[in-house]
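K.L.:
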Amino acid sequence: MQNVKIAIIADIHGNASALTAVLADIAMQNVDDILNLGDHFSGPLDARSTAGQLIDSGMISIAGNHDRQLIELAPGNMGASDKFAYDQLSTRAID
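Remember, this note's numbering sits 1207 above the position in the sequence shown when you count from 1.
1) Are Gly1250 and Gly1271 touching if we call contact CB-CB under 8 Å?
2) Mind checking whether the beta-carbon of Ala1287 lies closer than 7 Å to any heavy atom of the ligand FMN?
3) If you follow the alpha helix (DSSP H) that Leu1261 is in, where does it begin and where does it stop?
4) Measure the beta-carbon distance from Asp1253 to Gly1221 and round it to whole angstroms, keeping in mind my assumption that it falls under 8 Å.
5) Excluding the 5 residues flanking Tyr1293 on each side, which residues of the same chain have their C-beta closer than 7 Å to its C-beta?
6) Considering only their Cβ atoms, is the gap separating Ile1216 from Asn1237 smaller than 8 Å?
7) If you run the structure through DSSP and keep just helix, strand and coil, what is Ser1249?
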C-alpha cells in the first residue's frame, strides 16, 4: 500500500496573502494533493485574488456555508462580509 500525503486547508475567508504563504509551505512538503474544505471568500479582504489562486491551483475545493450563501442568496439578503466578497468575484469564481 502506497502512502499518500494530503494537505488540508480551510477557512481562507479571502485572505489571499495567507493563502500564498500556506501554498508555499505546502509546496515544500512533498504533498500529493490538496483538499480545501471551504469558506474560501467571505470576509473583508481579497476575494478576487483568493479565487484566482484557488482556480489556478486546481485543488479540490468543497463549498463551505459562506460559499453556499454566495451561490444561493440574492446579494440583498447577504451579510456584509458575504456581500463584500460577492461584489469582488466573477461568475466563474462563484461557480
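Even for Gly, the Cβ is constructed at its ideal location relative to N, Cα and C.
P.N.:
Inspection of the coordinates gives the following:
1) Result no, Cβ atoms of Gly1250 and Gly1271 do not sit closer than 8 Å.
2) Among the components modelled here there is no ligand, and therefore nothing to report on the ligand FMN.
3) Where Leu1261 is concerned, the enclosing alpha helix (DSSP H) stretches over Ala1254 to Ser1264.
4) Indeed, because the Cβ distance is near 6 Å, the residues count as touching under 8 Å.
5) The residues are Leu1277, Pro1282 and Met1285.
6) Going by beta carbons, Asn1237 and Ile1216 fall outside the 8 Å limit.
7) Under the three-state reduction of DSSP, Ser1249 is assigned to coil, being neither helix nor strand.
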